[in-house]
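There are 2 protein chains.
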Amino acid sequence: MAPVSPRRRIPEATVARLPVYHRSLTELKESGVTTVSSEQLADLAGVNAAKVRKDLSYLGSYGTRGVGYEVEYLLFQIDRELGFANDLGVVIVGLGNLGQALANYDGFGDRGFPVTALVDADPAKVGSTLHGMQVQHIDDIESIFADGDLTIGIIATPAAAAQGVADRLVAAGVRSILNFAPTVVTVPDGVHLRKVDLALELQILGFYEQRDATEAVNAADSDS
Amino acid sequence: MAPVSPRRRIPEATVARLPVYHRSLTELKESGVTTVSSEQLADLAGVNAAKVRKDLSYLGSYGTRGVGYEVEYLLFQIDRELGFANDLGVVIVGLGNLGQALANYDGFGDRGFPVTALVDADPAKVGSTLHGMQVQHIDDIESIFADGDLTIGIIATPAAAAQGVADRLVAAGVRSILNFAPTVVTVPDGVHLRKVDLALELQILGFYEQRDATEAVNAADSDS
DNA sequence: TAGTGTGAATTTCTTCACAGCG
DNA sequence: CGCTGTGAAGAAATTCACACTA
Numbered sequence: 234m235a236p237v238s239p240r241r242r243i244p245e246a247t248v249a250r251l252p253v254y255h256r257s258l259t260e261l262k263e264s265g266v267t268t269v270s271s272e273q274l275a276d277l278a279g280v281n282a283a284k285v286r287k288d289l290s291y292l293g294s295y296g297t298r299g300v301g302y303e304v305e306y307l308l309f310q311i312d313r314e315l316g317f318a319n320d321l322g323v324v325i326v327g328l329g330n331l332g333q334a335l336a337n338y339d340g341f342g343d344r345g346f347p348v349t350a351l352v353d354a355d356p357a358k359v360g361s362t363l364h365g366m367q368v369q370h371i372d373d374i375e376s377i378f379a380d381g382d383l384t385i386g387i388i389a390t391p392a393a394a395a396q397g398v399a400d401r402l403v404a405a406g407v408r409s410i411l412n413f414a415p416t417v418v419t420v421p422d423g424v425h426l427r428k429v430d431l432a433l434e435l436q437i438l439g440f441y442e443q444r445d446a447t448e449a450v451n452a453a454d455s456d457s
Numbered sequence: 234m235a236p237v238s239p240r241r242r243i244p245e246a247t248v249a250r251l252p253v254y255h256r257s258l259t260e261l262k263e264s265g266v267t268t269v270s271s272e273q274l275a276d277l278a279g280v281n282a283a284k285v286r287k288d289l290s291y292l293g294s295y296g297t298r299g300v301g302y303e304v305e306y307l308l309f310q311i312d313r314e315l316g317f318a319n320d321l322g323v324v325i326v327g328l329g330n331l332g333q334a335l336a337n338y339d340g341f342g343d344r345g346f347p348v349t350a351l352v353d354a355d356p357a358k359v360g361s362t363l364h365g366m367q368v369q370h371i372d373d374i375e376s377i378f379a380d381g382d383l384t385i386g387i388i389a390t391p392a393a394a395a396q397g398v399a400d401r402l403v404a405a406g407v408r409s410i411l412n413f414a415p416t417v418v419t420v421p422d423g424v425h426l427r428k429v430d431l432a433l434e435l436q437i438l439g440f441y442e443q444r445d446a447t448e449a450v451n452a453a454d455s456d457s
């Protein structure tokens, strides 16, 4: 059998942009557009055209010189690369405010990531129904993942519980984790971990507000 | 007056890590630790020690050779850099599942970003109370920001409404926006925009699951 | 002597610019 | 002719390695 992907490794920065192109292409497809140039796609994705071309070139040569890219075909290729064939289930651990919102958030299922289980440690929550699903106890986590389906674990617990949950997820065989708890979580090699830290984003914005304000003051100083 | 910040510009990547150091240092302070080495801080923050030292060096020379950094003093410096002095208010626009969760999320207020207003376009929601706050109508947005306090706008609307909301926020004088809507939003120069795209994170994880699975198959092939 | 601060080396990412193809 | 695909240049971020000093 010929090697399936002898293509050079796709850079991380590119991987992070593929879903954005995917979304833009889906919109184009839905509005009946069949062909798109790197320039147009760049506009939709909020990046520049050179980057689009370079990014897409890692997937292969799917464009047509002088014309552009065929929307549907390109979409198919990105789908394949992102593993849209296999619907990855999502298990949400921790059903406080954020966890509950995530459980009810349709954006996951809409984009191919159905929520397949809800888990909490609080006996008061276990057994209750959320988004048409029974909340299960964290101690049953092994059996929840026992079916062997590829699954992503979402940690939406308080910070103090996050590492423990991560350890249990890993022990249960989970290889992809998305951490919403505002703390650093470490996982063994081979397990993929990404984090979303809401307050951190605000702090970053705060830095720039602060800096701009300071600059304005300094500029005023040198005026005088 | 002497220039306050003639220091070289702080790289973006460093800015994004300062809040993480901040959190780790806060924990250290709370457990009574007074001094920390770059190595220890690196462990807590989940990065390597060289990076910590380089990052901190952009703030100034606040360490002591042979000893490390004084926790409290370093914390103070990062606080100052992140603009913790001025409590930045947060206005949440869009009170669907996610917006409501964000409104109830204590993590913002706890970290110095009190939610100061809730806004929606749906007349059914306007006037109702959430997290002890009356929901206001998007048309009143100008008056909400009229007091001139520095404020961050959070967009938690459906994708289709996001750009319009961003435009109105900018028109009302908002200079920092955090966008949760799964779509590209553009803002004029001088306005800071960050995005959090939940499903996008899952798609990135999906890519790596997919790739690992493919690699495993290929490895098995070359075995045979 | 332990650990910072930082030039220099390396790697990664972005952008340029243009040859080459449809 | 128009737009892709990509080497090469440039910029940003990371890591190395060690002089220096409290």
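Chains A and B, in that order, are what the protein sequence lines are. Counting in the working numbering, the first sequence runs from 234 upward without gaps. Counting in the working numbering, the second sequence runs from 234 upward without gaps. C-beta atoms are modelled at their ideal positions from N, C-alpha and C, and glycine is treated no differently.
Inter-residue CB distance, residue i and residue j (contact presumed, cutoff 8 Å)
| i | j | result |
| --- | --- | --- |
| T268 (chain A) | G301 (chain A) | 5 Å |
| L321 (chain B) | L383 (chain B) | 5 Å |
| L328 (chain B) | L292 (chain B) | Between L292 (chain B) and L328 (chain B) the Cβ distance is about 38 Å, and since that is not below 8 Å, they are no contact. |
| D312 (chain B) | T247 (chain B) | The Cβ separation is near 16 Å, so there is no contact. |
| N431 (chain B) | G340 (chain A) | Rather than Asn, the amino acid found at residue 431 (chain B) in this sequence is Leu. Indeed they touch by this definition, with Cβ atoms about 6 Å apart. |
| E314 (chain B) | F309 (chain A) | Not confirmed; about 47 Å, so no contact. |
Inter-residue spacing [alpha-carbon to alpha-carbon] between residue i and residue j
| i | j | result |
| --- | --- | --- |
| N281 (chain B) | L411 (chain A) | 21 Å |
| V237 (chain A) | A275 (chain A) | Note that V237 (chain A) scores a pLDDT of 41, beneath 50, so its modelled location is shaky; the value from the coordinates is reported in the next line. C-alpha separation (whole angstroms): 29 Å. |
| S257 (chain B) | E305 (chain B) | 12 Å |
| N337 (chain B) | T349 (chain A) | 25 Å |
| T390 (chain A) | F346 (chain A) | 20 Å |
| Q333 (chain B) | Y295 (chain A) | 42 Å |
| H255 (chain B) | Q436 (chain A) | 10 Å |
| I243 (chain B) | L251 (chain B) | 10 Å |
| L307 (chain B) | M366 (chain B) | 36 Å |
| Q369 (chain B) | F378 (chain A) | 44 Å |
| N330 (chain A) | N319 (chain B) | 27 Å |
| G342 (chain B) | K428 (chain A) | 20 Å |
| V285 (chain A) | D373 (chain A) | 45 Å |
| R444 (chain B) | K262 (chain A) | 26 Å |
| T297 (chain B) | A249 (chain B) | 24 Å |
| S376 (chain A) | V253 (chain A) | 35 Å |
| Q273 (chain A) | E245 (chain B) | 28 Å |
| R344 (chain A) | E442 (chain A) | 34 Å |
| P239 (chain B) | A405 (chain B) | Unreliable placement is indicated for P239 (chain B), whose pLDDT of 45 sits below 50; no coordinate value is reported for it. |
6 Å CB neighbourhood of residue i in its chain, flanking five on each side removed
| i | result |
| --- | --- |
| G386 (chain B) | V324, L402, V407 and I410 |
| S457 (chain A) | Low confidence applies here, because S457 (chain A) scores a pLDDT of 47, under 50, leaving its location unreliable; read the following figure in that light. Cβ neighbours of S457 (chain A) beyond the five flanking positions: none. |
| A392 (chain A) | A414, P415 and T416 |
| S361 (chain A) | V368 |
Beta-carbon contacts of residue i that lie in its chain and below 7 Å, excluding the five residues immediately before and after
| i | result |
| --- | --- |
| V420 (chain B) | A399, V403, I410 and L426 |
| A395 (chain A) | I388, N412, A414, T416 and V418 |
| L363 (chain B) | L328, Q333, A336 and L351 |
| K358 (chain B) | L328 and V368 |
Contacts of residue i in chain A (Cβ-Cβ under 8 Å)
| i | result |
| --- | --- |
| N281 (chain B) | Neighbours of N281 (chain B) on chain A: none; closest Cβ ~13 Å, over 8 Å. |
| R286 (chain B) | What R286 (chain B) touches in chain A: nothing, since even the nearest Cβ is about 18 Å away. |
Within chain A, the residues that residue i reaches when beta carbons sit closer than 7 Å
| i | result |
| --- | --- |
| P252 (chain B) | L433, Q436 and I437 |
| R401 (chain B) | In chain order: nothing, as chain A lies at least about 18 Å away. |
| A249 (chain B) | I437 |
| A298 (chain B) | Residue identity differs from the one stated: residue 298 (chain B) is Arg in this sequence, not Ala. Simply none; closest approach about 27 Å. |
Under 7 Å by beta carbon: chain B residues contacting residue i
| i | result |
| --- | --- |
| L442 (chain A) | Note that residue 442 (chain A) is Glu in the sequence shown, not Leu. Going along chain B in sequence order, the residues near E442 (chain A) (Cβ under 7 Å) are G316, L321, L383, R408 and S409. |
Residue i: CB within 8 Å of a non-hydrogen atom of the ligand MN
| i | result |
| --- | --- |
| I437 (chain A) | Absent from the structure shown: the ligand MN. Ligands present: none. |
Proximal chain B residues relative to residue i, where beta-carbon distance stays under 9 Å
| i | result |
| --- | --- |
| A278 (chain A) | V417 |
| Q333 (chain A) | N330 and A334 |
8 Å Cβ shell around residue i - same chain, five flanking residues per side excluded
| i | result |
| --- | --- |
| I459 (chain B) | A question about residue 459 (chain B) goes unanswered here, because the residues of chain B that appear run from 234 up to 457. |
| R241 (chain A) | Y291 |
| G423 (chain B) | R408 |
| T259 (chain B) | L308 |
- Proximal residues, the stretch 409–434 of chain B versus chain A, C-beta separation under 7 Å: S409, L411, P415, V417, T419, H425, R427, V429, L431, A432, L433 and E434
- Message: Short of 7 Å Cβ to Cβ, which residues in the stretch 337–353 of chain B face chain A?
- Response: N337, Y338, G340, F341, R344 and F346
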